[in-house]
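J.: Residues in the sequence shown are numbered from 1 upward in steps of one, following UniProt numbering.
Below is the structure I would like to discuss, written out as structure tokens.
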Amino acid sequence: EVDWFSLASILFLLTFAPFIVYYFIMSCDQYQCSLTDPVVDLLMGNKHLSDIWNKTPPLTYRAAGIYTLWVTFQVVLYVFLPDFCHKFLPGYVGGVQEGAVTPAGVVNKYEINGLQAWIITHLLWFANAYYFHWFSPTIIFDNWIPLLWCANILGYVVSTFAMIKGYLFPTNAKDCKFTGNFFYDYMMGIEFNPRIGKWFDFKLFFNGRPGIVAWTLINLSYAAKQQELYGQVTNSMILVNVLQGIYVLDYFWNEAWYLKTIDICHDHFGWYLGWGDCVWLPYTYTLQGLYLVYHPVQLCTANAMGILILGLIGYYIFRMTNHQKDLFRRTNGNCKIWGKKPEYIECSYMSVDGTKFYSKLMTSGFWGWARHFNYTGDLMGSLAYCLACGFAHILPYFYIIYMMILLTHRCLRDEHRCLSKYGKDWKRYTAAVPYRLLPGVF
Ligand code: NDP
């Protein structure tokens, strides 16, 4: 059942999220990234909505061509190029891997080749920038708003297609979820793992590429624009490129692990993931770089070092916390965490058909500090990206505000699910590890 609060939030997001993204990008394009000036202009009657709209670049054939080529290229890399990175990179898990068991008991196979796609795409990018000169490396920045229209079209087409597919030809009918509420189903998705053919998995493709492969390319395009406009790339831009680059590379290095995260294990594929991956992720996760094109902040060495250290510590906590859980679950607790055998709480749960299963919740390492310390590390890294932009405007801080909302909501959503899954065992766990994100605070 869909409660009124969820429905209200969904209607709000479906209606306003595209405008929020447009507002951010437009405010940079027309107001030097000030979020208040457009509102002030409108309220004071200095401008009408039509003035802002008329100054907004429209959809162009060039942008449509670039976007189509981009998505097609990523589809080709995803579907037709089996992974070879795992054959020569020690420690990298790629190639055909299994996902988690779905509620209907299906175990999907995935071709993990995201790292390869990322490397090929970036090699081509640099080959073009330094050797071939087919197009300017500022191409993404130069077409940013026309590309926004293309991304929206794809986001809506793919979400609508996923909904129709859920009704008419689902990949696995038993893994579909119908709440009876049209808006909820459209937003949160019907099918669990929609696929076309054996290998084209909507969730893995749309989240990783075009979304996350694009992230680092977009940042590189912003750096190139700074170089073109000011004759240099600022240290803040380098910091944002490096820290976010580490995060993106981490994602692809651990793509097989990602199959076990909430997005793939529990979320269905609807507008939330479809539109979110096409529009929200590439446009809002890159706001710091965009801001720095308009405001080329040059940090003093001490501040730059402080931000780098915060970002690296955040990344370390994020990675190690995720790694500890992964190791613990893979070895069923037969491993060492910080040099000792891990402590844990034995728990059990019932599947829908009444079968009893057993699991373990670790209370050692970072998982003994807080129940979602991986989110804490993620938030520290996110804060570092924002701080690199200085304090003149609020826009670059949108990311940390958004991540705090996203991860706190995710935390509550996950705990709600775990409580209904593990019951009293979950209560024992929360008594042993009382804090969610920050020991002693929350
Ligand atoms: P987690 O990796 O924290 O997974 C939560 C699940 O882990 C729970 O449902 C439970 O599953 C299991 N679990 C919980 N506590 C324990 C424990 N003590 N011991 C063992 N297993 C436990 O969540 P996510 O999938 O949301 O996040 C993965 C990473 O991705 C995070 O680091 C997050 O920061 C990042 N992320 C980043 C986003 C971004 O936009 N940048 C968006 C979302 C996530 P079970 O049912 O198996 O027991």
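Note that beta-carbon positions come from the ideal geometry of N, C-alpha and C, so glycine has one too.
Quick one: is the Cβ of ASN108 within less than 8 Å of any heavy atom of the ligand NDP?
T.: In the sequence shown, the residue the question calls residue 108 occupies position 108. Outside the cutoff, so no.
J.: Which residue from ASN334, HIS323, PHE169 puts its Cα closest to that of TRP367?
T.: In the sequence shown, the residue the question calls residue 367 occupies position 367. It is HIS323 whose Cα lies nearest to the Cα of TRP367.
J.: Determine the direct distance from the alpha carbon of ALA214 to that of TYR283, and round the result to whole angstroms.
T.: Here residue 283 corresponds to residue number 283 of the sequence shown, with the count starting at 1. Here residue 214 corresponds to residue number 214 of the sequence shown, with the count starting at 1. Those two C-alpha atoms are separated by around 10 Å.
J.: Check whether the segment 388-395 and the segment 284-294 touch, using three or more Cβ-Cβ pairs below 8 Å as the test.
T.: At 8 Å Cβ cutoff, the stretches touch.
J.: With ALA214 as the anchor, note down where its alpha helix (DSSP H) starts and where it stops.
T.: What you label residue 214 is simply residue 214 of the sequence shown in a count that begins at 1. Counting along the chain, the alpha helix (DSSP H) containing ALA214 begins and ends at 213-230.
J.: How long is the line joining the alpha carbons of VAL2 and LYS165, rounded to whole angstroms?
T.: Counted from its first residue, the sequence shown places residue 2 at position 2. Counted from its first residue, the sequence shown places residue 165 at position 165. When rounded, the distance between both Cα atoms is 22 Å.
J.: In this structure, how does DSSP classify ARG371 when only helix, strand and coil are distinguished?
T.: On the sequence shown, position 371 is the one that residue 371 refers to. Residue state, collapsed to three classes: coil.
J.: Nearest-angstrom Cα distance between LEU148 and LEU123?
T.: Mapped onto the sequence shown, residue 148 falls at position 148. Mapped onto the sequence shown, residue 123 falls at position 123. So the alpha carbons of these two residues sit roughly 25 Å apart.
J.: Is the CB-CB distance between PRO170 and PRO194 below 9 Å?
T.: Counting from one through the sequence shown, the residue named residue 170 turns up at place 170. Counting from one through the sequence shown, the residue named residue 194 turns up at place 194. Contact flag set, yes.
J.: Return yes when the Cβ of THR363 is within less than 9 Å of the Cβ of PRO342, no when it is not.
T.: Looking up residue 342 in the sequence shown gives position 342. Looking up residue 363 in the sequence shown gives position 363. Closer than 9 Å, so yes.
J.: Using only the alpha-carbon positions, how far apart do LEU11 and TYR167 sit?
T.: Counted from its first residue, the sequence shown places residue 11 at position 11. Counted from its first residue, the sequence shown places residue 167 at position 167. Near 21 Å, if we compare the C-alpha coordinates of TYR167 and LEU11.
J.: Beta carbon of SER359: closer than 8 Å to some heavy atom of the ligand NDP?
T.: Locating residue 359 in the sequence shown gives position 359, counting from the first residue. Yes, the beta carbon of SER359 sits closer than 8 Å to at least one heavy atom of the ligand NDP.
J.: Quick check on the burial criterion: 16 or more other C-beta atoms within 10 angstroms. Buried or exposed for TYR315?
T.: For the purposes of this step, residue 315 is identified with residue 315 of the sequence shown, where counting begins at 1. Under this definition TYR315 is a buried residue.
J.: Report yes if the C-beta of PHE269 is less than 8 Å from at least one heavy atom of the ligand NDP; otherwise report no.
T.: Reading the sequence shown from its first residue, position 269 is the one you call residue 269. No, the ligand NDP has no heavy atom inside 8 Å of this Cβ.
J.: Nearest to LYS198 by alpha carbon, out of ASN181, LEU115, PHE80?
T.: Residue 198 sits at position 198 when you count from the first residue of the sequence shown. Here the closest residue by C-alpha is PHE80.
J.: With C-beta atoms as the reference, is ALA8 less than 9 Å away from TRP280?
T.: Translated into positions along the sequence shown, residue 8 becomes position 8. Translated into positions along the sequence shown, residue 280 becomes position 280. No, these two residues do not count as a Cβ contact at 9 Å.
J.: Put MET44 into one of helix, strand or coil per three-state DSSP.
T.: For the purposes of this step, residue 44 is taken as residue 44 along the sequence shown, with counting starting at 1. In this structure, MET44 counts as coil in the three-state DSSP scheme.
J.: Is ARG371 closer than 9 Å to TYR422 when the C-beta atoms are compared?
T.: Sequence index remark: in the sequence shown, residue 422 carries index 422 (1-based). Sequence index remark: in the sequence shown, residue 371 carries index 371 (1-based). Taking 9 Å as the Cβ cut-off, TYR422 and ARG371 do not qualify as a contacting pair.
J.: Can you tell me which of PHE126, ILE140, LEU438 puts its alpha carbon nearest to the alpha carbon of ARG62?
T.: Here residue 62 is taken as the residue at index 62 of the sequence shown, counted from 1. Comparing Cα positions, the closest option is ILE140.
J.: Which residues in the same chain have their Cβ closer than 7 Å to the Cβ of GLY333, if we skip the five residues on either side of it in sequence?
T.: The count along the sequence shown starts at 1 and reaches residue 333 at position 333. Excluding positions up to five away in sequence, the list reads PRO342, TYR344, LYS360.
J.: Identify every run of the beta strand (DSSP E) within the segment 53-89, keeping only runs that are complete inside it and at least 3 residues long; order them along the chain.
T.: Listed in chain order, there is nothing to give.
J.: Taking 9 Å as the threshold (C-beta atoms), are PHE200 and TYR23 in contact?
T.: Within the sequence shown, numbered from 1, the residue matching residue 23 stands at position 23. Within the sequence shown, numbered from 1, the residue matching residue 200 stands at position 200. Cβ atoms of TYR23 and PHE200: not closer than 9 Å.
J.: Which full runs of the alpha helix (DSSP H) of 4+ residues lie inside the segment 92-141, going along the chain?
T.: Those alpha helix (DSSP H) runs which fall completely within the segment 92-141 and span 4+ residues are 114-127.
J.: According to DSSP, is CYS418 part of a helix, a strand, or is it coil?
T.: The residue you call residue 418 lines up with position 418 of the sequence shown. Residue state, collapsed to three classes: helix.
J.: Give the single residue among PRO296, TYR222, PHE161 whose Cα lies nearest to the Cα of HIS393.
T.: Indexing the sequence shown from 1 puts residue 393 at position 393. Ranking the options by Cα distance to HIS393, first place goes to PRO296.
J.: In its own chain, which residues sit with a C-beta less than 6 Å from the C-beta of ILE401, not counting the 5 before and 5 after it?
T.: Taking the first residue of the sequence shown as position 1, residue 401 is located at position 401. Closer than 6 Å at the Cβ level, and outside the excluded window around ILE401, lies no residue.
J.: Round the Cβ separation of GLU111 and PRO82 to the nearest angstrom and send it over; I've been treating them as touching at under 8 Å.
T.: By 1-based counting over the sequence shown, the position of residue 111 is 111. By 1-based counting over the sequence shown, the position of residue 82 is 82. With 8 Å as the limit, GLU111 and PRO82 qualify as a contact, their Cβ atoms being about 6 Å apart.
J.: Rounded to the nearest angstrom, what separates THR234 and GLN226 at their Cα positions?
T.: Residue 234 sits at position 234 when you count from the first residue of the sequence shown. Residue 226 sits at position 226 when you count from the first residue of the sequence shown. Cα to Cα, the separation comes out at about 8 Å.
J.: For the beta strand (DSSP E) holding CYS347, just list the boundary residues, first then last.
T.: In the sequence shown, counting from the first residue as 1, residue 347 sits at position 347. Its beta strand (DSSP E) spans residues 344-350.
J.: On the three-pair Cβ rule with 8 Å, is the segment 246-257 touching the segment 152-165?
T.: Short answer: they don't touch.
J.: With respect to 8 Å, is the separation between the Cβ of ARG428 and the closest non-hydrogen atom of the ligand NDP below this value?
T.: Residue mapping note: residue 428 aligns to position 428 of the sequence shown, counting from 1. Checking the Cβ of ARG428 against the ligand NDP gives no.
J.: For CYS176, which of helix, strand or coil comes out of DSSP?
T.: For this step, residue 176 is matched to residue 176 along the sequence shown. Here CYS176 sits in strand by DSSP.
J.: In or out: GLU98 buried (at least 16 other Cβ within 10 Å) or exposed?
T.: Reading the sequence shown from its first residue, position 98 is the one you call residue 98. Exposed: under 16 other Cβ atoms inside 10 Å.
J.: Please determine whether the Cβ atom of LEU185 lies at a distance below 8 Å from any heavy atom of the ligand NDP.
T.: Residue numbering aside, residue 185 sits at position 185 when the sequence shown is read from its first letter. Checking the sequence shown, residue 185 turns out to be Asp, not Leu. Answer for ASP185: no, Cβ out of range of the ligand NDP.
J.: Whole angstroms is fine: what's the gap from ILE218's alpha carbon to ALA224's?
T.: The residue given as residue 218 occupies position 218 in the sequence shown. The residue given as residue 224 occupies position 224 in the sequence shown. Approximately 10 Å, taken between the alpha carbons.
J.: Counting only runs of 4+ residues fully inside the segment 255-305, write out the alpha helix (DSSP H) ranges in chain order.
T.: Whole alpha helix (DSSP H) segments, 4+ residues: 255-258, 262-265, 271-275, 281-284, 287-294.
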